[in-house]
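Student: Protein chains in written order, with this note's numbering: chain G, 9 to 488; chain D, 112 to 609.
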Amino acid sequence: MVEVKIGLEIHCQLTGLNSKLFCPCQCDYQGEVPNTTVCPICLGLPGTLPLLNKMAVAFASMISLALGCKVQERIMFYRKNYFYPDLPKNFQITQYNAYGITSIGAEGKVDLGAKSIGIRRVQLEEDPGRLIYENADVNANFYTLIDYNRAGVALVEIVTEPDFDNPKDVRLFLDKVTSTIEHLGVCDIKLDGSLRCDVNVSLKEGKKVEIKNINSFGDVEKAIRYEITRQKTMSIREIEIKSETRHWDDARKVTMQSRTKEEEQDYRYFPEPDIPTIILGDQFISTIKTKMPELPDERKIRFLKDYALSDHVAKVLIDNKELADFFESTVKLYPSSPNEIAHWIISDLLGLIDDIKKEERSLLSGLRIEPKHIAELVKMIDQNKINRNIAKSVLSQITRTGEMPSYVLDKMNASLIDNESKIAEAIDSIFELEISAVRDAKQNPNAMNFLLGKVMQMTRGRADPKITLNLIKARLAKME
Amino acid sequence: MPNHLYRLTANQVTCGIKNGQFSAQEYIFQILERIEKVDNKVNAFVLVDKQGAIEKALSIDKRLRDGEAVGELAGVAVGIKDNICIKDLKTTCASNILESYIPPYDASVIRSLKENDAIIVGKLNLDEFAMGSTTEFSRYGPTRNPWNLEYVAGGSSGGSAASVAASECAVSLGSDTGGSIRCPSSFCSVVGLKPTYGCVSRSGLISYSNSLEQIGPVGKTVLDVVMVMNSIAGIDENDQTTKPIRPIATLTSEDITKSNISSKYTADQNKRNITIGLVKELIEGADPAVSKCIYSAVDLFEGSDCKCEETSMKSIQYALASYYTIATAEASSNLARYDNIRYGFEYDPEGYEWNTYFSNVRNNFGDEVKRRIIIGSYVLSAGYYGKYYLRAHIAREMIRQEIKSLFERFDVLIGPTMPILPFKIGQKIDDPLKMYQIDIDTVIANLAGIPAISMPIGFSNSFPVGLQIMADDMCEQTLFDVASFFEKIVDVRRSPEI
């Protein structure tokens, strides 16, 4: 077994802010007319100076603390110099730790249960603008359009140590980090491009290959698998693996060579002179700590304790803040059966959601389901007003119509038949029709179930199965 | 109405206009006429905003007629170095690469001046992107010294100093990265201040070297410089490196009425018992024609209750190397944005691939700018950062510390502003190293971040000599007290015949 080393660089836009990292422009550029959410500062016009958004520092500190990092006392910004048309100043204001640690967070650790992943650093930086090609084939364009609306939006970069040795752990880690960011309320992860991930993959003692352009977190796992296979194949055939940057081809699901890193690009980092060194004292950090919302790990412990959920169920709920919040709102409405509610959410409700939405993590968007629906449904089940099979079809209808379960049930005219005489009538007619089965049923439980099925069929599933079964048993016993 | 309104100081202008001795319109017409008459010789202005100036003057006159309040600089003709952004007026940095750039916003200092009713008459010549010490590296040609038109005016704010010396405006703004205000002020016999780093907002100043430079005023008198500072100094939310200015400890209401100033700084001419440190290295390195002039000034000070003592500043030997390393490093990054995508000059990109177009665009920098970009990129590159950039910062810190310890003993440090007298245009332009060396006396204040002023101290072979006074961090007021005291006892104010 060849040892594999994987490291991640996650970029998270701080969409929870109102304004960009260094200017007062609104940071929400989604759907805006190109080059309208811009000002002299984010366009890098001559003479403008960056004005650091203090809220961004607070958000990045929260992320650092949530990922187990030490929040540094002295924070500095650096310039990363490179020429690219989407970069208004031709340098990016970012952070850099080569000359002493001055990024907001460093030396963190994220616990994945069996193992833990080191966080090398958490840093703040500005997003560049966006290049827009009218023709999908980049080389077929005679010109490139530039939209600077995104330029200057605050990004937090999270860099892990190369502590992963398999893609499954990467997935677990990404789920946890995503949920953490959601819980902190700093980033709306459903927005297109708000969360991006680059991956480094290397075989033991091999060269590092960087994979960029992985647009969805689901593809991160695929890209890693592909890359491991590619590198292993090359190494078996004794082809040299070069240190390079590869792009993930979204359509073909393969990594493609983009730039050979034979010469390391020289970014000529130096401290940004226009932003004074920021001293974050103990007081700042303790204030941030008190403002921190409940994090996934804490929430899970509370779920296990307060609701007596199983470890697995709690994890599935909490990996997606939307689900966990939905669960808690439902329990608030109907506190008697948290376990039942949890099961209805993670197996039945999730079962109705397609994979694309799961990938986008926008689970409940487009569904008309609300906590009050699940609360009522579970209550009806507890009171034996509806059986599970019917409840499932009621649920599926609610997600489309948003009607209350009791209303749907009435409309279906499907109230459970618990009147013993009515069920007995049905049993009578089935016993007359299925004489051989009745005979077998005395010895064979399968035949008994067959009879039960027939009764259910006749009552269109409305007969209470428990009562029906008891009546059948009693009737059979009487025949002896 | 006095005949030569254009010769008045800023203080005389606002007083005259507010007291009804003459109107802002009468004054500004004389200024515009003066510019028309002499600027073809001096070449201080790169753009004159006649219409804007006249409109502003008319509005001031109207408000005065209507009994409305006007600002503290009401009517004063101000020239602005062409690396400071003025909304809707071309700002070129004397570079081909910004030939047609029109900023959509005002620099913070411009907003302050406008609010105080100064009249902005136009943009002033400079070395391209403020890189130079003579104003010869300009796309508009060199600014000439009003005292002798064959000679350089100094730089890079050559236009700012020459325009005031030639009475084309009462005061001006320049920028000082390594002496760019003080050098031409010395060469043209006017008063020029490099404020403490963080004292004046840099928002709207087109960056050359962010950690060193400051905008500052040039005027005919210390009081004029103080008046401009009262308008532009202080914290600005658009520049996070600005700091609160140190309030005046002993400001009486009498002072305020006397100097027509309601806030911040004064020009108190009764300062006594000043402890002066004469920096040995600076004076020894100067041309005898310059040092002779400084020594006779020192004699005058000593005869007027000042304690003058020679002192040494050892770290000066590292100043130039440190300065040019830091300045070029920052410049190489600051100037990276000029890719002609969003603004710049007329150059059709049709038919070019991006890399070719970009290279062609960047070829429009002048040689001195290219030289500094290349040096700056080199000192920041991997493997050389520690050898050059980091060591330059260590040297900078040494200089800062040594200066700090000197201010425990002295109120101010003095020496010549420039080690030499003005020289002929074209004489040094081909020798960058010689050119860099003349900045030795001025770069210290930028490296240490302290305020420094250059004031006329006399003439040598009919060329002006400037005295440089440096004070401790945020001690502008000390500088003004000392400078106005010196101004009174030395009094060499003259006007060039032009």
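In this text, a Cβ means the ideal position worked out from N, Cα and C, and glycines have one as well. Model, not experiment: these values are computed from the prediction.
Would you say Lys62 of chain G lies against chain D (beta-carbon separation less than 8 angstroms)?
Tutor: The sequence position of residue 62 of chain G within the first sequence is 54, counting from 1. It does not; no Cβ of chain D falls within 8 angstroms.
Student: Could you name the residues of the stretch 184 to 196 of chain D whose beta carbon sits closer than 7 angstroms to any beta carbon of chain G, in the order they occur along the chain?
Tutor: Cys196
Student: At a Cβ threshold of 8 angstroms, is Phe85 of chain G touching chain D?
Tutor: Stepping through the first sequence from its first residue, residue 85 of chain G is reached at position 77. Closer than 8 angstroms: no.
Student: Which residues, taken in chain order from the stretch 470 to 497 of chain D, show a beta carbon closer than 8 angstroms to some beta carbon of chain G?
Tutor: Ser488, Leu491, Ser492, Ala493 and Tyr496
Student: Assuming Pro165 of chain G and His19 of chain G make a contact with CB atoms under 8 angstroms, what is their CB distance in whole Å?
Tutor: As a working note, residue 165 of chain G is residue 157 in the first sequence. As a working note, residue 19 of chain G is residue 11 in the first sequence. The sequence given here places Glu at residue 165 of chain G; Pro does not occur at that position. Confirmed, Cβ separation roughly 6 angstroms.
Student: With a threshold of 8 angstroms between beta carbons, is Asn236 of chain D in contact with chain G?
Tutor: Within the second sequence, numbered from 1, the residue matching residue 236 of chain D stands at position 125. Output row for Asn236 of chain D: interface = no.
Student: Check each residue of the stretch 197 to 220 of chain D: if its Cβ is closer than 9 angstroms to any Cβ of chain G, include it; give the result in chain order.
Tutor: Thr202, Cys204, Leu209, Tyr212, Pro214, Pro215, Tyr216 and Ala218
Student: Tell me the DSSP secondary structure of Val298 of chain G in three-state form.
Tutor: In the first sequence, the residue the question calls residue 298 of chain G occupies position 290. The residue asked about is misnamed: residue 298 of chain G is Thr in this sequence, not Val. Three-state DSSP puts Thr298 of chain G in a helix.
Student: Where does Ala482 of chain G land, buried or exposed, given buried means 16+ other C-beta within 10 angstroms?
Tutor: Looking up residue 482 of chain G in the first sequence gives position 474. Burial call: exposed.
Student: Using a Cβ cut-off of 7 angstroms, which residues of the stretch 277 to 300 of chain G contact any Cβ in chain D, in chain order?
Tutor: Phe278, Pro281, Asp282, Ile283 and Pro284
Student: Quick one: is Lys313 of chain G buried, meaning 16 or more other Cβ sit within 10 Å of its Cβ, or exposed?
Tutor: Position 305 of the first sequence holds residue 313 of chain G. Lys313 of chain G is exposed by the Cβ-count criterion.
Student: Below 8 angstroms, how does it come out for the stretch 51 to 59 of chain G and the stretch 180 to 189 of chain G: are there three or more Cβ pairs, yes or no?
Tutor: no
Student: Should Ser314 of chain D be flagged as near chain G, meaning a C-beta pair shorter than 8 angstroms?
Tutor: As a working note, residue 314 of chain D is residue 203 in the second sequence. Yes, Ser314 of chain D counts as interfacial toward chain G.
Student: Quick check on this structure: which residue in D:Gly186, D:Asp584 and D:Pro328 has the alpha carbon closest to the alpha carbon of Glu166 of chain D?
Tutor: Against the second sequence, residue 166 of chain D aligns to sequence position 55. Taking only the C-alpha atoms, the option nearest Glu166 of chain D is D:Gly186.
Student: Have a look at the DSSP bridge pairing and note the partners of Glu17 of chain G.
Tutor: In the first sequence, residue 17 of chain G corresponds to position 9, counting from 1. DSSP, once it has assigned bridges, lists G:Val167 and G:Asp206 as partnering Glu17 of chain G.
Student: Work out the CA separation of Glu384 of chain G and Ser414 of chain G for me, nearest whole Å.
Tutor: Sequence index remark: in the first sequence, residue 414 of chain G carries index 406 (1-based). Sequence index remark: in the first sequence, residue 384 of chain G carries index 376 (1-based). When rounded, the distance between both Cα atoms is 8 angstroms.
Student: For Lys256 of chain G, report the span of its beta strand (DSSP E) as first-last.
Tutor: Within the first sequence, residue 256 of chain G is the residue found at index 248, counting from 1. Residue 256 of chain G is actually Trp in this sequence, not Lys. From DSSP, the beta strand (DSSP E) with Trp256 of chain G extends over Glu252 to Asp257.
Student: Assuming the contact rule is C-beta atoms closer than 8 angstroms, Cys77 of chain G and Cys50 of chain G should be a hit. Round their C-beta distance to whole Å, please.
Tutor: Position 69 of the first sequence, counted from the first residue, corresponds to residue 77 of chain G. Position 42 of the first sequence, counted from the first residue, corresponds to residue 50 of chain G. Not quite, the Cβ-Cβ distance comes to about 28 angstroms (not below 8 angstroms), so this is no contact.
Student: Near Asn603 of chain D, which residues of its chain fall below 6 angstroms by C-beta distance, leaving aside the five closest residues on each side in sequence?
Tutor: As a first step, residue 603 of chain D is located in the second sequence; it is residue number 492 there, counting from the start. Note that residue 603 of chain D corresponds to Val in the displayed sequence, not to Asn. Counting only Cβ-Cβ distances below 6 angstroms, and skipping sequence neighbours, we find Pro567 and Gly569.
Student: Tell me whether Phe597 of chain D sits in a helix, a strand or coil according to DSSP, three-state version.
Tutor: Here residue 597 of chain D is taken as the residue at index 486 of the second sequence, counted from 1. Phe597 of chain D falls in the helix class under three-state DSSP.
Student: Work out the CA separation of Arg233 of chain G and Val12 of chain G for me, nearest whole Å.
Tutor: For the purposes of this step, residue 12 of chain G is taken as residue 4 along the first sequence, with counting starting at 1. For the purposes of this step, residue 233 of chain G is taken as residue 225 along the first sequence, with counting starting at 1. Cα to Cα, Val12 of chain G sits roughly 11 angstroms from Arg233 of chain G.
Student: Output the distance between the C-alpha atoms of Ser423 of chain D and Gly560 of chain D, rounded to the nearest integer angstrom.
Tutor: As a working note, residue 423 of chain D is residue 312 in the second sequence. As a working note, residue 560 of chain D is residue 449 in the second sequence. When rounded, the distance between both Cα atoms is 19 angstroms.
Student: Please confirm if Leu59 of chain G has its CB atom under 8 angstroms from at least one CB of chain D.
Tutor: For this step, residue 59 of chain G is matched to residue 51 along the first sequence. Interface residue, yes.
Student: Could you tell me whether any Cβ in chain G is nearer than 8 angstroms to the Cβ of Ser291 of chain D?
Tutor: The count along the second sequence starts at 1 and reaches residue 291 of chain D at position 180. For Ser291 of chain D, the answer is no, since every Cβ of chain G falls outside 8 angstroms of its Cβ.
Student: In whole angstroms, give me the CA-to-CA distance for Val495 of chain G and Pro301 of chain G.
Tutor: Residue 495 of chain G is absent from the structure shown; chain G starts at 9 and stops at 488.
Student: If the cut-off is 8 angstroms on Cβ atoms, which residues from the stretch 26 to 53 of chain G count as contacting chain D, listed in chain order?
Tutor: Pro48, Leu51, Gly52 and Leu53
Student: Which residues of chain G have a Cβ atom closer than 9 angstroms to the Cβ of Asp350 of chain D, listed in chain order?
Tutor: Residue numbering aside, residue 350 of chain D sits at position 239 when the second sequence is read from its first letter. Those within 9 angstroms of Asp350 of chain D in chain G are Leu57, Leu59 and Asp282.
Student: Quick one: does Asp366 of chain D have its CB under 8 angstroms from some CB of chain G?
Tutor: As a first step, residue 366 of chain D is located in the second sequence; it is residue number 255 there, counting from the start. In this prediction, Asp366 of chain D scores a pLDDT of 49, lower than 50, which makes its location untrustworthy; no coordinate-derived value is stated.
Student: Do you know how far the Cα of Ala503 of chain D is from the Cα of Met509 of chain D?
Tutor: In the second sequence, the residue the question calls residue 509 of chain D occupies position 398. In the second sequence, the residue the question calls residue 503 of chain D occupies position 392. Straight-line Cα distance between these residues: approximately 10 angstroms.
Student: Compare the C-beta of Lys216 of chain G against all C-beta atoms of chain D and say whether one is closer than 8 angstroms.
Tutor: Stepping through the first sequence from its first residue, residue 216 of chain G is reached at position 208. Closer than 8 angstroms: no.
Student: Would you report the Cα separation of Gly52 of chain G and Arg204 of chain G, rounded to the nearest angstrom?
Tutor: In the first sequence, residue 52 of chain G corresponds to position 44, counting from 1. In the first sequence, residue 204 of chain G corresponds to position 196, counting from 1. A direct Cα-to-Cα measurement between Gly52 of chain G and Arg204 of chain G gives close to 25 angstroms.
Student: With 8 angstroms as the threshold, decide whether the Cβ of Glu144 of chain D is near any Cβ in chain G.
Tutor: The residue you call residue 144 of chain D lines up with position 33 of the second sequence. Glu144 of chain D does not count as touching chain G.
Student: For my contact list, Ser278 of chain D and Arg118 of chain D are in at a C-beta cut-off of 8 angstroms; report their separation, rounded to the angstrom.
Tutor: Here residue 278 of chain D is taken as the residue at index 167 of the second sequence, counted from 1. Here residue 118 of chain D is taken as the residue at index 7 of the second sequence, counted from 1. Right, the Cβ-Cβ distance comes to about 5 angstroms (below 8 angstroms), so this counts as a contact.
Student: Assign Gln239 of chain G to buried or exposed, taking buried as 16 or more other Cβ atoms, counted over all protein chains shown, within 10 Å of its Cβ.
Tutor: Here the question's residue 239 of chain G lines up with position 231 in the first sequence. Buried, by the Cβ-count rule.
Student: Drop a sphere of 10 angstroms on the beta-carbon of Leu357 of chain G, count the other beta-carbons inside from all chains shown, and report buried for 16 or more, exposed for fewer.
Tutor: Within the first sequence, numbered from 1, the residue matching residue 357 of chain G stands at position 349. It is buried - the Cβ of Leu357 of chain G has at least 16 other Cβ atoms within 10 Å.
Student: Can you pull out the residues from the stretch 77 to 107 of chain G whose beta carbon lies closer than 8 angstroms to at least one beta carbon of chain D?
Tutor: Arg87, Asn89, Phe91, Pro93, Pro96, Lys97, Asn98, Phe99 and Tyr107
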